[in-house]
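J.:
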Amino acid sequence: MMTSKEYLVAAALGFFSIFGWLLLFINIGTLILTQDTILVIDFFNNFNVIYIFIISTVILFISLVFMIYLFKYAGAENEIKEAKKRGEYDKK
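Under my numbering, the first residue of the sequence shown is numbered 23, with each subsequent residue one higher.
1) Quick one: using the 10 Å Cβ neighbour count with 16 as the cut-off for buried, is Leu35 buried or exposed?
2) Under three-state DSSP, which class holds Glu110?
3) Run the CB neighbour count on Ser26, radius 10 Å, all protein chains shown included, and call it buried at 16 or more, exposed below.
4) If we call anything under 8 Å between Cβ atoms a contact, is Ile74 one with Leu45?
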């Protein structure tokens, strides 16, 4: 059973990964379409392509950290706690 903290981490993981991949695909798509170093989208027109790439890479790294946290603590630790409560866990 997941707690509210783990649901919050899962939601942050989903948001960061979707936002990071969206930035990365927009960046690569405009590079392919325009063959230029300046993005044509109005919101990003003041940024250089390199900066957008770095920002999206950092966002994807943050989502990877959230994913590791979610798999390590939310999955395995809760299963061990539940097994200890049932008396089925024995350390070998």
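Using N, Cα and C, we set each Cβ at its ideal position, and we do this for glycine too.
Fair warning: this is a prediction, and the values are worked out from it, not measured in the lab.
T.: In short, the structure shows the following:
1) buried
2) coil
3) Around the beta carbon of Ser26, fewer than 16 other beta carbons lie within 10 angstroms, which makes this residue exposed.
4) Taking 8 Å as the Cβ cut-off, Ile74 and Leu45 qualify as a contacting pair.
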